[in-house]
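Per our numbering, residue 1183 is the first one in the sequence shown, and the count goes up by one each step.
Every residue, glycine too, gets a C-beta built ideally from N, C-alpha and C.
Computed from a prediction, not measured in an experiment: that's the story for all the values here.
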Amino acid sequence: MFWPFGKKKIGLVLGGGVARGIAHIGVLKVIDQYKIPIHYLAGTSSGAIVGAAYACGLEIRLIEEISLRIGWGRLLKLSFFKPGFISAKAIEDLMIQYIGDKKFSELKIPFAVVAADIKTGDAVVLNRGRIAKAVAASSAVPGIVAPEDYEHHFLVDGGLGNNLPVDVARRMGANSVIAVDVVPAKPIKYLPRDPFQMYGRAFDLVMHKLSLEQRKNADILIEPEMDEDIWHLDLHKAKRLIAAGEAAAHKALRHLQKVYR
């Protein structure tokens, strides 16, 4: 199968989006199907979760099966006297259960995770030490998941600092970048029905605006689309999200083939 990448080093960027990050699994299925080599991987929040599993060598089939079984009940390890309802330790434990307590240095695919320092607002790139702890930090949605104390940083969801870290993948060495943005660029169809949906929608609007420059800098931008509004807590829509990721990846990569034939 012909690709215009030549001998370029390909970076894959998986953006955050809470439940919508499950769509990344569908994209990965297509990337494997098209046999596109991934030399560098960068992820934020839910993109970091899926990216960590892929970088650790977990089969896509297994990642998909896990996503269909995971519900919020698995993550509800409540934290008391901390600025978050859910402990970041719950996400850390979940990662260890499925990929082991691995370190970044053990990976075959160089992998970087992006979190945000709640004190300074700066994006923090994590690429050494324990993967599970870094992913937990990147996934700590402010006000819902307690921040992670990580090497003198008080870290929260990387979406506040860099939700689509195309620049990180390029600094790692990628000279061709495929970016997957799961934050909807189009208007929602219905108004939020509860405070969680309202909070999630507001968070999406901020992340989308912060990602505009990164979207432009990607060589290939993949945007999964759904016929319905998908909210941050909709883990039960995993099958539909995976299908949307597959459809969007096929569309983007087939178009690329036609352009360069």
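- Annotation for valine 1195: the continuous beta strand (DSSP E) segment containing it runs 1192 to 1196.
- For tyrosine 1280, the closest C-alpha among the options Ala1305, Glu1247, Thr1302 and Ala1298 is that of Glu1247.
- Cβ-Cβ distances below 7 Å link lysine 1290 to Gly1239 in the same chain, with the five nearest sequence neighbours on each side left out; the list follows chain order.
- Alanine 1316 and valine 1350 do not touch by the CB rule: their CB atoms are close to 13 Å apart, not below 8 Å.
- Nearest in C-alpha terms to proline 1377, of all of Gly1282, Ala1237, Trp1413 and Leu1435, is Trp1413.
- A contact is defined here as three or more CB-CB pairs under 8 Å, and the segment 1228 to 1238 meets this definition with respect to the segment 1188 to 1206.
- Boundaries of the beta strand (DSSP E) around tyrosine 1222: 1222 to 1226.
- Beta-bridge partners of arginine 1312 (DSSP): Lys1285.
- Comparing alpha carbon positions, the residue from Ala1425, Ser1228, Ile1207 and Asp1409 closest to glycine 1198 is Ser1228.
- The DSSP assignment places complete beta strand (DSSP E) segments of no fewer than 3 residues inside the segment 1338 to 1420 at 1358 to 1362 and 1402 to 1404, in order along the chain.
- Taking 8 Å as the cut-off, the Cβ atoms of proline 1329 and leucine 1337 count as close.
- Just measuring C-alpha positions, the residue of Asp1416, Leu1342 and Asp1283 sitting nearest alanine 1298 is Leu1342.
- Here the segment 1348 to 1368 lies against the segment 1393 to 1401, with 3 or more beta-carbon pairs under 8 Å apart.
- DSSP, read as helix, strand or coil, puts isoleucine 1268 in strand.
- Spanning the alpha carbons of phenylalanine 1293 and tyrosine 1372 requires a straight line of approximately 37 Å.
- In the structure shown, glutamate 1330 adopts extended strand secondary structure according to DSSP, grouped into three states.
- Here DSSP, grouped into helix, strand and coil, assigns aspartate 1299 to strand.
- Going by beta carbons, leucine 1392 and alanine 1205 fall outside the 8 Å limit.
- Rounded to the nearest whole angstrom, the C-alpha separation of glycine 1208 and arginine 1375 is 28 Å.
- Secondary structure at alanine 1234: helix, using DSSP grouped into helix, strand and coil.
- Judged by beta-carbon spacing, lysine 1284 lies beyond the 8 Å limit of isoleucine 1242, meaning their Cβ atoms are not closer than that value.
- The alpha-carbon of aspartate 1363 is positioned some 13 Å away from that of alanine 1434.
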